[in-house]
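Undergrad:
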Amino acid sequence: MTSTQARHTRRAVLQAAVDANARCHDVDLDLFFRGDGEQHTTWQARRTVALSFCAGCPARAACEELALRDGDGRADRDDMVRGGRTGPGLAAARAAQAERLALAADADRDTEGRQLDQLTVELRATATADTDRTVQGRRVPPAQVQAQQNLRVRTLAAQIRQIRTARRARNGWEVAA
Ligand code: SF4
């Protein structure tokens, strides 16, 4: 694999690492966000707990990298913790690594674009494929082939929807937009 290819698969690898190992999977995510109008002292105490929780997370490095790529955190708003950093901490890290992160974000977009193209082509081909199939000289019942194709179409459609939703969310759109 070339270094360019490695960069292009990086986001999916990071997301898979977080999905598989996130310590906060079964935790109320309110722990990581300051409530509307929440007193600074209350938030400060909870923020300390959240930061130490992240410190023991096996997915922390991947989570931090995704947070930086997603543009999470603002320098002027102390209202969240992700990947072991506060919002201002993420903003400072992003400013310090701006050049590297811009290249990574471009690669992420390329990767998603290619994935969407491939999934869309496969979806069309699967949806329009005929049901006439033979395995080891025996004709497979068309209803069985159709059921398999329908399942594959639903899976592909879900994958396409997931990528589009993630892109919209990163661009500041709501899920239903
Ligand atoms: S680093 Fe923190 S926010 Fe990220 S997955 Fe782990 S516990 Fe959750």
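Here the sequence shown stands for residues 1 to 177, numbered as in UniProt numbering.
Beta carbons: idealized from backbone N, C-alpha and C, even for Gly.
As the structure is a prediction and not an experimental result, all values here were calculated from the model.
For residue 33 versus residue 108, is the C-beta spacing smaller than 8 Å?
TA: The answer is no: Cβ separation not under 8 Å.
Undergrad: Please confirm whether residue 89 and residue 60 have their CB atoms less than 8 Å apart.
TA: The answer is no: Cβ separation not under 8 Å.
Undergrad: Which residue from 101, 67 and 138 puts its Cα closest to that of residue 85?
TA: Answer by Cα proximity: 67.
Undergrad: Which partner residues does residue 33 have in the DSSP bridge list?
TA: Answer by DSSP bridge pairing, in chain order: 80.
Undergrad: Rounded to the nearest angstrom, what separates residue 11 and residue 139 at their Cα positions?
TA: Computed Cα separation, rounded: 42 Å.
Undergrad: Is residue 29 near residue 46, with beta carbons less than 8 Å apart?
TA: No, these two residues do not count as a Cβ contact at 8 Å.
Undergrad: Answer yes or no: do residue 129 and residue 149 have a C-beta to C-beta separation smaller than 8 Å?
TA: In contact: residue 129 and residue 149 (Cβ atoms closer than 8 Å).
Undergrad: Any heavy atom of the ligand SF4 closer than 7 Å to the beta-carbon of residue 22?
TA: Answer for residue 22: yes, Cβ within range of the ligand SF4.
Undergrad: For residue 42, which three-state DSSP category applies?
TA: Here residue 42 sits in helix by DSSP.
Undergrad: Cutting at 6 Å between CB atoms, please list the residues of its own chain near residue 23, excluding the five before and the five after it.
TA: Excluding residues within five positions, the ones whose Cβ falls inside 6 Å are 57.
Undergrad: Looking at residue 87 and the ligand SF4, is the gap between the Cβ and the nearest heavy atom below 7 Å?
TA: No, the beta carbon of residue 87 sits no closer than 7 Å to any heavy atom of the ligand SF4.
Undergrad: What's the call for residue 156, buried or exposed, on a 16-neighbour Cβ count within 10 Å?
TA: The residue in question, residue 156, is buried, as its Cβ has 16 or more Cβ neighbours within 10 Å.
Undergrad: Pick helix, strand or coil for residue 23, following the three-state DSSP scheme.
TA: DSSP places residue 23 in coil when its eight states are reduced to three.
Undergrad: Assuming contact is defined by CB atoms lying nearer than 8 Å, are residue 153 and residue 127 in contact in what I supplied?
TA: Contact flag set, yes.
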